[in-house]
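Engineer: Count along the sequence shown from 1, add 130, and you get the number used in the working numbering.
Glycine residues also receive a C-beta, built at the ideal position from the N, C-alpha and C atoms.
Since the structure is predicted, the reported quantities are computational estimates derived from the model, not experimental observations.
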Amino acid sequence: MARSETLPVLLRQLRLSTMARLWEPFLARAEEERWDPAQYLAALCEHELNERHSRRIARFTKESRLPVGKTLATFDFGQTPTIQAKKIEAMAQNSDWVRRAENLLFFGPSGVGKTHLAAAISHGLIEQSIRVRHFTTTALVQEMQQARADLRLENFLAKLDKYAVIVLDDLGYVRKSEAETHVLFELIAHRYETGSIIITSNQPFGEWDKIFTDASMTVAAIDRVVHHANIIEIQAESYRKRQAISHNCKSRPELAITAQIRKEDQ
Ligand code: ADP
Ligand code: MG
Numbered sequence: 131m132a133r134s135e136t137l138p139v140l141l142r143q144l145r146l147s148t149m150a151r152l153w154e155p156f157l158a159r160a161e162e163e164r165w166d167p168a169q170y171l172a173a174l175c176e177h178e179l180n181e182r183h184s185r186r187i188a189r190f191t192k193e194s195r196l197p198v199g200k201t202l203a204t205f206d207f208g209q210t211p212t213i214q215a216k217k218i219e220a221m222a223q224n225s226d227w228v229r230r231a232e233n234l235l236f237f238g239p240s241g242v243g244k245t246h247l248a249a250a251i252s253h254g255l256i257e258q259s260i261r262v263r264h265f266t267t268t269a270l271v272q273e274m275q276q277a278r279a280d281l282r283l284e285n286f287l288a289k290l291d292k293y294a295v296i297v298l299d300d301l302g303y304v305r306k307s308e309a310e311t312h313v314l315f316e317l318i319a320h321r322y323e324t325g326s327i328i329i330t331s332n333q334p335f336g337e338w339d340k341i342f343t344d345a346s347m348t349v350a351a352i353d354r355v356v357h358h359a360n361i362i363e364i365q366a367e368s369y370r371k372r373q374a375i376s377h378n379c380k381s382r383p384e385l386a387i388t389a390q391i392r393k394e395d396q
C-alpha cells in the first residue's frame with residue numbers, strides 16, 4: 131500500500147508541479163464538498179494541464195520575439211477597409227494552413243499594418259501552441275551569413291525547423307548582394323513544403339529582382355514562396371501618417387483643412 135506521506139515527493143518526481151502545490155488545499159475542499167476520489171483526481175489533473183498550457187504559451191510568446199501588443203484586438207480594421215478582417219481572423223484562429231506548411235505574404239506600402247497583422251496572426255497561432263519566430267529580414271540575413279562563414283549554416287537552418295512559422299519582416303529591405311541573397315534563397319528552399327514563412331514586404335514580386343542577384347534565383351525563390359501561399363495586398367495610406375495628421379489637427383486646427391482635402395482626394 132502506498133503511503134500518503136510520499137505524495138509530495140512522487141508528484142515532484144513526476145514533474146507535476148501544479149498538483150504538488152494543490153493536492154493539499156484541494157483535499158480539504160474535496161472533504162468539505164464530498165467529492166469522490168475520481169473527482170478529486172480529475173480536478174487536480176485539469177489544473178495541471180491548464181497551468182502547463184499557460185506556461186507553454188508564455189514561453190512561446192517570449193521566444194517568438196514578436197512585437198508586443200500587436201494583436202487582432204488592437205488592430206482597427208475600419209482604418210484599412212481593403213483588408214478582409216474575416217480572412218485574417220480565420221488565419222489566426224485556424225492553424226490548418228500552418229500544418230500544410232503554407233506561406234502568407236503581406237504586400238503594401240510602409241505604415242499600413244503589415245507587421246502588425248503578421249504579429250497578430252502569429253500571436254493567434256501561439257495560443258494554439260504553434261511555435262513562431264519573428265525576424266527582421268536584414269538581421270536574419272546577417273546572422274545566416276555569419277553562420278555560413280563559420281560553416282554552420284546547415285545547422286542554423288535546421289535549428290529553425292523547430293518553429294512551424296518564421297516571420298521575415300521587411301524582406302524588401304534586404305540589399306542586393308550575392309552573398310546576402312544567396313542565404314535568403316537557401317532559407318526559402320530549406321523551408322519549402324516543410325515550414326511556413328510569413329513575409330512582409332513593400333515590394334511586390336515584380337520588384338523582387340531588386341532583391342535577388344540573378345533572374346533565375348528570383349524566379350526560383352518566387353516559385354517556392356508562392357506555390358502554397360496566401361497573399362494579402364494592403365492598399366491604404368500609412369496609418370502612422372494618418373495618426374500624425376489627426377493628432378496635429380487636434381492641436382493645430384488650421385491643419386484640419388489640409389487633412390480634409392487629403393481625404394477628399396482619396
Ligand atoms: P508596416 O509594417 O506596413 O510598415 P506597421 O504594421 O508597422 O506597418 O504599422 C505602423 C504602425 O501603425 C504600428 O504601430 C501599427 O500598430 C499601427 N497600425 C497600422 N495599421 C493599423 C490599424 N489598422 N489599426 C491599428 N493600428 C495600426
Ligand atoms: Mg513593417
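1) Is DSSP giving N180 helix, strand or coil here?
2) Pick helix, strand or coil for N363, following the three-state DSSP scheme.
3) What is the rounded straight-line gap between the Cα of R321 and the Cα of H312?
4) Within its chain, find whatever has a CB closer than 8 Å to the CB of R399; leave out the 5 residues flanking it on each side and keep chain order.
5) Do the segment 212–222 and the segment 276–289 meet, that is, are 3 or more Cβ pairs less than 8 Å apart?
6) Drop a sphere of 10 angstroms on the beta-carbon of D166, count the other beta-carbons inside from all chains shown, and report buried for 16 or more, exposed for fewer.
7) Starting from the Cα of F315, find the closest Cα among V295, S346, L179 and give me that residue.
8) What does DSSP give as the partner residue(s) for N233 in the beta ladder?
9) Can the beta-carbon of I328 be found less than 8 Å from the beta-carbon of V295?
10) Is the segment 364–371 close to the segment 201–216, with three or more CB pairs under 8 Å?
11) Applying the criterion that 16 or more other CB atoms from any shown protein chain within 10 Å of the CB defines a buried residue, is N233 buried or exposed?
Structural biologist: A quick look at the data gives this:
1) Locating residue 180 in the sequence shown gives position 50, where the first residue counts as 1. Helix, per DSSP.
2) Your numbering for residue 363 matches position 233 in the sequence shown. The question names Asn, but residue 363 is Glu in the sequence shown. In the three-state DSSP reduction, E363 falls in the strand class (E or B).
3) One-based indexing of the sequence shown puts residue 321 at position 191. One-based indexing of the sequence shown puts residue 312 at position 182. Their backbone Cα atoms lie some 14 Å apart in a straight line.
4) As displayed, the chain neither begins before 131 nor continues past 396, which places residue 399 out of reach and without an answer.
5) no
6) Counting from one through the sequence shown, the residue named residue 166 turns up at place 36. A residue is called buried once 16 or more other Cβ atoms fall within 10 Å of its Cβ, and D166, having fewer, is exposed.
7) Taking the first residue of the sequence shown as 1, we reach residue 315 at position 185. Ranking V295, S346, L179 by Cα distance to F315 puts S346 first.
8) Counting from 1 along the sequence shown, the entry for residue 233 is found at position 103. Looking at the DSSP assignment, N233 forms a beta bridge with A359.
9) As a working mapping, residue 328 is identified with position 198 in the sequence shown. As a working mapping, residue 295 is identified with position 165 in the sequence shown. Yes, they are a contact pair.
10) yes
11) For the purposes of this step, residue 233 is taken as the residue at position 103 of the sequence shown. It is buried - the Cβ of N233 has at least 16 other Cβ atoms within 10 Å.
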